[in-house]
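Undergrad: Numbered per the numbering used here, the sequence shown spans residues 18 to 157.
By construction, the Cβ of each residue, glycine as well, lies at the ideal position given by its N, Cα and C atoms.
Fair warning: this is a prediction, and the values are worked out from it, not measured in the lab.
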Amino acid sequence: MIERFEPAYFNYATRRRISSPTNPQSFDDFVVFAREGYRNIKREHPELPLMISVSLKSPDSPATGGFIDQFPRLAEYVDIVGVSVYPDAFFDADDGASPGALPDDWLRQIQSIAPNKPVAITETGWVAERLQHTAFRSVR
């Protein structure tokens, strides 16, 4: 894909759930994946900036705190940190995560998670109407 499309950047791990550090084995496995993926891609494309993207949770959530603590294990395998922005799905708010309920630091929290790393928005979306799904809470 890299040779065919010649991208300016490459996201080799899309939408890594920020809550994964609560499962130590899963996060350990991801660190191995990131290390090997990064090294292998860089061997063939040393100038290509590589990124992983994360889905942000509420800034004060335990998942966010865990990721802040664990990100240093990934830092050397990340040139750019991508942020998957789906606040209606990943923000914990009583009102269904309406845009007005997002805290001012919701997006800026990536600076605490990955200090000194460039940031890119890799994908974004917001539901246009009320969504009801039996496995999830209702979203506006």
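Is the Cβ-Cβ distance between F27 and L65 less than 8 Å?
TA: yes
Undergrad: Taking the CB atoms as reference points, tell me whether V98 and V48 lie closer together than 8 Å.
TA: no
Undergrad: Along the chain, where does the beta strand (DSSP E) containing G117 start, and where does it finish?
TA: Looking at the DSSP string, G117 is not in any beta strand (DSSP E), and its letter there is neither H nor E.
Undergrad: Tell me which residues share the same chain as H62 and place their Cβ nearer than 7 Å to its Cβ, disregarding the 5 neighbours each side in the sequence.
TA: I19
Undergrad: Who pairs with T141 in a beta bridge, going by DSSP?
TA: V102
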